[in-house]
Amino acid sequence: MFYEGIERHSGLFSEYTELRVQENRTCRVGLLNGDVQGNGSSVKGGVSARVHKDGVWGFASVPGRETEAIGRVVASATGNARFLAGREKRDLGRLPRRAATASHDLSTTKPRKSQKDLVDFARALDAYVLSKGKGLMTRSISLACLDMEKTLLTSDGSRSSSLVPRTILYVAASTEASGGGSVEFYDVYGGRGQFEDVFGDPAALYRDLDDLLERLAKKAEGIYPEAGLREAVLGPDLAGILAHEAIGHTVEADLVLGGSVAADFMGRKVASELVTLVDFAHTALGVTCPRPVWVDDEGTEARDAVLIEEGVLRSYMHNKESAAHFGVAPTGNARAFEFSDEPLIRMRNTAILPGKSKLAELIASVDEGYYFVRPSNGQADSTSEFMFGITEGYEIKKGRLGRALRDTTVSGVAFDMLKTVTALSDDMSWMCGGMCGKKQMIPVGMGGPAVRCRITVGGR
Amino acid sequence: MKHEKTIESALAAAQKAGADEAVVTARRSEKSELNVDAGKMSLYRTTETVQLSLVAYVKGSKGSSSTDRFDAEGIALAAGEAVAAARSAPSDPANAIAPASAPGSDAYGDERPDSAAMYDRLTAFVAWVSDRFSKTKLEQCILQFVRGENSFGNSDGVRMESRRGLYDFSAMFTTKDGARASSFNYSGATLRSLERPLEDWGGLAELLRQSAEQLDPGSVGGKFVGDLIVTPHCLGDFVGALDEAYLGGYSLIKGTSPWKDSLGKEVASPLLTLESLPRSVDTASFFTSDGFEDRDWVAVEKGMLRNFDLDLYAANKTGKTRSPGSAGFWSVRPGASSLAEMIAGTKRGLLLCRFSGGNPAENGDFSGVAKNSYYIEDGKLVRPVTETMVSGNVGGFIASIDAVSKELIDFGSARFPWVRGKGVTISGK
Numbered sequence: 067m068f069y070e071g072i073e074r075h076s077g078l079f080s081e082y083t084e085l086r087v088q089e090n091r092t093c094r095v096g097l098l099n100g101d102v103q104g105n106g107s108s109v110k111g112g113v114s115a116r117v118h119k120d121g122v123w124g125f126a127s128v129p130g131r132e133t134e135a136i137g138r139v140v141a142s143a144t145g146n147a148r149f150l151a152g153r154e155k156r157d158l159g160r161l162p163r164r165a166a167t168a169s170h171d172l173s174t175t176k177p178r179k180s181q182k183d184l185v186d187f188a189r190a191l192d193a194y195v196l197s198k199g200k201g202l203m204t205r206s207i208s209l210a211c212l213d214m215e216k217t218l219l220t221s222d223g224s225r226s227s228s229l230v231p232r233t234i235l236y237v238a239a240s241t242e243a244s245g246g247g248s249v250e251f252y253d254v255y256g257g258r259g260q261f262e263d264v265f266g267d268p269a270a271l272y273r274d275l276d277d278l279l280e281r282l283a284k285k286a287e288g289i290y291p292e293a294g295l296r297e298a299v300l301g302p303d304l305a306g307i308l309a310h311e312a313i314g315h316t317v318e319a320d321l322v323l324g325g326s327v328a329a330d331f332m333g334r335k336v337a338s339e340l341v342t343l344v345d346f347a348h349t350a351l352g353v354t355c356p357r358p359v360w361v362d363d364e365g366t367e368a369r370d371a372v373l374i375e376e377g378v379l380r381s382y383m384h385n386k387e388s389a390a391h392f393g394v395a396p397t398g399n400a401r402a403f404e405f406s407d408e409p410l411i412r413m414r415n416t417a418i419l420p421g422k423s424k425l426a427e428l429i430a431s432v433d434e435g436y437y438f439v440r441p442s443n444g445q446a447d448s449t450s451e452f453m454f455g456i457t458e459g460y461e462i463k464k465g466r467l468g469r470a471l472r473d474t475t476v477s478g479v480a481f482d483m484l485k486t487v488t489a490l491s492d493d494m495s496w497m498c499g500g501m502c503g504k505k506q507m508i509p510v511g512m513g514g515p516a517v518r519c520r521i522t523v524g525g526r
Numbered sequence: 151m152k153h154e155k156t157i158e159s160a161l162a163a164a165q166k167a168g169a170d171e172a173v174v175t176a177r178r179s180e181k182s183e184l185n186v187d188a189g190k191m192s193l194y195r196t197t198e199t200v201q202l203s204l205v206a207y208v209k210g211s212k213g214s215s216s217t218d219r220f221d222a223e224g225i226a227l228a229a230g231e232a233v234a235a236a237r238s239a240p241s242d243p244a245n246a247i248a249p250a251s252a253p254g255s256d257a258y259g260d261e262r263p264d265s266a267a268m269y270d271r272l273t274a275f276v277a278w279v280s281d282r283f284s285k286t287k288l289e290q291c292i293l294q295f296v297r298g299e300n301s302f303g304n305s306d307g308v309r310m311e312s313r314r315g316l317y318d319f320s321a322m323f324t325t326k327d328g329a330r331a332s333s334f335n336y337s338g339a340t341l342r343s344l345e346r347p348l349e350d351w352g353g354l355a356e357l358l359r360q361s362a363e364q365l366d367p368g369s370v371g372g373k374f375v376g377d378l379i380v381t382p383h384c385l386g387d388f389v390g391a392l393d394e395a396y397l398g399g400y401s402l403i404k405g406t407s408p409w410k411d412s413l414g415k416e417v418a419s420p421l422l423t424l425e426s427l428p429r430s431v432d433t434a435s436f437f438t439s440d441g442f443e444d445r446d447w448v449a450v451e452k453g454m455l456r457n458f459d460l461d462l463y464a465a466n467k468t469g470k471t472r473s474p475g476s477a478g479f480w481s482v483r484p485g486a487s488s489l490a491e492m493i494a495g496t497k498r499g500l501l502l503c504r505f506s507g508g509n510p511a512e513n514g515d516f517s518g519v520a521k522n523s524y525y526i527e528d529g530k531l532v533r534p535v536t537e538t539m540v541s542g543n544v545g546g547f548i549a550s551i552d553a554v555s556k557e558l559i560d561f562g563s564a565r566f567p568w569v570r571g572k573g574v575t576i577s578g579k
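Going down the list, the sequences are from chains V and U.
Numbering of the first sequence is given in the numbering used here, commencing with residue 67 and proceeding in unit increments.
Numbering of the second sequence is given in the numbering used here, commencing with residue 151 and proceeding in unit increments.
Following this line, the structure appears as structure tokens:
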């Protein structure tokens with residue numbers, strides 16, 4: 067239930083101030099080879115205040131949401147800002163304002179399931195994998211639910227409340243690899259919404275699990291890719307992580323100020339004209355995004371940030387402070403993960419827009435190369451050099467898919483590699499289970515179509 | 151005991167809710183933090199957090215709940231949820247709690263931060279970098295003091311408590327001169343005092359020097375199998391992968407650890423001794439997460455596998471011996487070579503200073519990008535590299551180590567030297 071009457075605390079503000087009451091609620095079930103190893107829930111909540119004075123920030127947070135706690139946290143944040151302002155002697159920095167009032171509650175209207183229901187759901191999936199998997203060494207099922215509930219008041223007139231839930235299911239299995247050792251395959255299901263709105267009858271996932279086991283069997287017979295610069299088709303999930311890691315991080319305005327090479331590229335061609343890349347606030351192509359943000363944690367009305375338009379770098383992602391520095395409007399990218407976290411410039415739903423080709427055409431057009439399907443982790447660099455782990459891929463020989471690949475890594479310099487894009491598929495999909503790390507973790511959405519390009523492969 | 155009443159109340163609440171056995175952990179921490187962003191002091195942040203974690207066991211089944219409330223109502227709610235979760239799960243005979251032991255407590259570090267001293271230290275560091283490396287940008291620096299209290303109790307009578315005050319510093323930076331830019335790099339450490347200048351923490355001064363000379367890197371060109379000299383900043387990634395795929399309970403329960411049948415056998419180079427030192431490092435731990443008094447312990451001694459990284463549950467599940475202490479406080483014992491000798495003795499390879507890689511595979515295969523690293527040929531550092539990838543197998547690399555440096559870096563929570571191994575695929579554009 068949202069915190070009611072936050073406006074009554076506005077009298078505590080003496081400087082530019084953001085006051086946020088937040089609670090994160092999680093539940094999780096983890097099974098390994100049928101044993102329930104993780105089974106529980108958690109609640110973490112409290113109140114925070116952030117104060118801007120003379121170009122520096124003070125922040126404070128405490129558990130609880132009582133009036134006394136709110137008074138104490140505003141006073142501490144104000145004191146912290148004054149501590150720094152008194153030493154730094156900066157210019158008076160006025161922050162831009164795009165105030166908003168909004169309330170969005172994405173919790174389910176269905177009757178809530180119990181922890182036992184969640185355990186039974188996971189055990190049903192595990193039993194199915196056990197019954198269908200031939201010669202499996204291990205199997206694991208992990209269900210993770212996160213509700214983030216926030217109420218925000220700012221001294222420049224914003225007031226917002228939001229409850230945005232996410233439910234993610236992770237299924238992994240491993241088997242003996244040809245040539246010895248083991249090989250693992252996993253997939254991630256779910257997305258925005260509480261469990262009741264995301265999953266239902268476990269049988270609805272059985273076809274996905276059949277598919278997972280089939281891909282594991284192919285990977286067990288897999289080969290190591292050939293290292294070096296190769297022709298490749300990146301599946302939609304790879305395009306999503308490409309949008310996030312390779313480009314997204316380099317055009318976060320705080321990283322631009324910190325030395326990103328994107329500082330030199332505004333208004334210049336950085337990609338094939340086929341590439342348009344957007345960080346969507348809450349709605350993409352008419353559909354609500356995996357991680358919708360209507361009002362960010364500085365109280366700015368969130369808008370889409372068109373980062374690359376037909377190959378030309380058009381915008382960075384901003385909070386109020388970076389927008390003031392660059393003389394542009396804030397984009398609503400300031401987000402905080404827990405009540406005790408200050409808002410940072412973070413991506414929301416970052417995607418490459420679809421093109422006009424079919425995936426089959428992309429694969430058929432490659433004489434010799436690879437089709438990379440699923441990423442694991444990824445990292446970016448201020449130089450735009452990126453890396454993604456690859457957990458599913460196939461060789462392409464004369465336009466046809468061949469043997470599966472063992473785990474590998476691909477890399478490149480994004481602003482060079484994006485110029486090698488020669489085709490995009492006409493469909494797109496979202497990865498909804500992403501967590502981005504940058505001082506704090508934060509849930510993000512990543513999406514895109516299949517991409518044909520040249521990329522460096524870290525094989526053998 | 152700081153949270154004695156809370157621990158006793160929570161254990162009683164769990165019993166009242168129907169738990170046969172229970173474990174309670176109460177944590178409280180206060181943090182004071184200063185941030186530098188894009189080279190300028192930007193934020194002073196103070197936070198308080200509390201957490202009560204309750205694990206309930208009912209007829210061999212386990213459930214847990216965690217709350218930010220320490221009041222009677224909040225404790226009763228959490229106990230009820232933990233017991234309900236336990237009742238929803240099947241029994242697992244490996245579930246167990248630590249047996250009774252003598253109560254103990256440990257405390258170290260400052261009680262509260264000296265904010266003015268923190269500000270002065272951080273300001274001095276920013277000036278030090280600016281004076282020496284004018285093209286280097288401090289993307290973000292975080293200096294924080296954390297005072298933490300951690301109390302543990304279980305229904306068998308175990309009562310442990312630790313209180314500690316630690317300073318933690320990290321700096322991330324890149325060098326940029328016009329369109330020329332180095333990869334970002336970072337380091338830091340966690341220590342008990344602010345006595346040393348921040349540029350001395352975690353070998354930062356050397357990394358900053360390297361960053362300033364990495365503006366014009368090149369690719370290695372082609373592909374070859376060569377040597378890797380892994381720096382202390384990068385060795386932690388390799389040790390982490392070794393723990394995950396070879397030593398840790400998860401890989402042993404799964405049965406995928408390549409070392410699962412190798413206890414007491416040679417698994418690595420005789421030059422390698424890998425220990426976890428939870429009682430000896432600056433960030434010392436007094437008790438394990440499952441309620442045993444902590445001990446320093448050896449995982450690999452002169453190449454021989456001596457202990458796995460197993461908590462009580464994983465030990466019961468695998469039928470192997472619980473590790474004597476907590477993992478993660480890793481230390482690789484220094485060797486007899488100097489770093490200069492190791493470079494001089496390398497025919498062709500890389501000085502791997504940062505590794506940006508995919509998660510290691512179950513079999514220990516790794517693959518990733520060599521960052522802030524140098525190409526070595528005929529015993530000399532030739533140039534910094536870019537767009538250069540390395541691939542190999544963690545176990546294979548550990549077995550191939552032929553030199554360990556005398557020098558090491560103490561990160562406060564870990565201590566690592568430079569190590570050289572063989573047989574890694576290195577490829578460029």
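We put the CB at the ideal spot given by N, CA and C, even for glycine.
Suppose the cutoff is 6 Å on Cβ atoms and the five residues either side in sequence are ignored; what does the same chain contact list for residue i look like?
| i | result |
| --- | --- |
| V:A243 | V249 and A286 |
Are the C-beta atoms of residue i and some chain V residue less than 8 Å apart?
| i | result |
| --- | --- |
| U:G338 | no |
| U:A188 | yes |
| U:S343 | no |
| U:Q290 | yes |
Expressed to the nearest angstrom, what Euclidean distance is found between the alpha-carbon atoms of residue i and residue j?
| i | j | result |
| --- | --- | --- |
| U:K190 | U:A274 | 12 Å |
| V:R401 | V:A390 | 17 Å |
| V:S532 | U:K152 | With chain V running from 67 to 526 in the structure shown, residue 532 of chain V is simply not present. |
| U:Y525 | U:E537 | 12 Å |
| U:G475 | V:R86 | 40 Å |
| U:G495 | U:G529 | 5 Å |
| V:R273 | V:S169 | 38 Å |
| V:G468 | V:Y460 | 6 Å |
| U:D242 | V:Q181 | 18 Å |
| V:D256 | U:V554 | In the sequence as presented, Asp is not what sits at residue 256 of chain V; that position holds Gly. Spanning the two alpha carbons is a distance of roughly 47 Å. |
Have a look at the options and flag the residue whose alpha-carbon is nearest the alpha-carbon of residue i.
| i | options | result |
| --- | --- | --- |
| U:D560 | U:D221, U:R346, U:A163 and U:N300 | U:R346 |
| V:T204 | V:S180, V:S228, V:A126 and V:V237 | V:V237 |
| V:A188 | V:G201, V:V102 and V:S142 | V:V102 |
| U:K579 | V:S477, V:S448 and V:T175 | V:S477 |
| U:S333 | U:K572, U:F516, U:R504 and U:S550 | U:R504 |
| V:E387 | V:P162, V:G137 and V:K119 | V:P162 |
| U:I548 | U:G390, U:K404 and U:W447 | U:G390 |
| U:A229 | U:P243, U:D242 and U:Y207 | U:Y207 |
Does the beta carbon of residue i fall short of 7 Å from some heavy atom of the ligand ADP?
| i | result |
| --- | --- |
| V:N443 | Absence of the ligand ADP is noted for the structure shown, with no ligands found whatsoever. |
Taking residue i as part of the alpha helix (DSSP H), name the residues at either end of that continuous run.
| i | result |
| --- | --- |
| U:Q360 | L354 to A362 |
| U:F561 | Where U:F561 is concerned, there is no enclosing alpha helix (DSSP H), given that its DSSP letter is neither H nor E. |
| V:E387 | K386 to F392 |
Please report the residue range of the beta strand (DSSP E) in which residue i lies.
| i | result |
| --- | --- |
| U:Q290 | T286 to N304 |
| V:W360 | V:W360 -> no beta strand (DSSP E), and no H or E assigned at all. |
| V:I374 | A371 to E375 |
Under 8 Å between C-beta atoms, does residue i make it to chain U?
| i | result |
| --- | --- |
| V:I456 | yes |
| V:P162 | no |
| V:D362 | no |
Grab me the residues of residue i's own chain with a C-beta within less than 8 Å of its C-beta, minus the 5 sequence neighbours each way, in chain order.
| i | result |
| --- | --- |
| V:S406 | G112, S114 and S127 |
| U:D377 | T496, K497, R498, G499, L500, I526, R570, G571, K572 and V574 |
| U:E557 | P484, S488, L489, P567 and W568 |
| V:P409 | E84, R116, D362, D363, E364, N385, A400, R401 and A402 |
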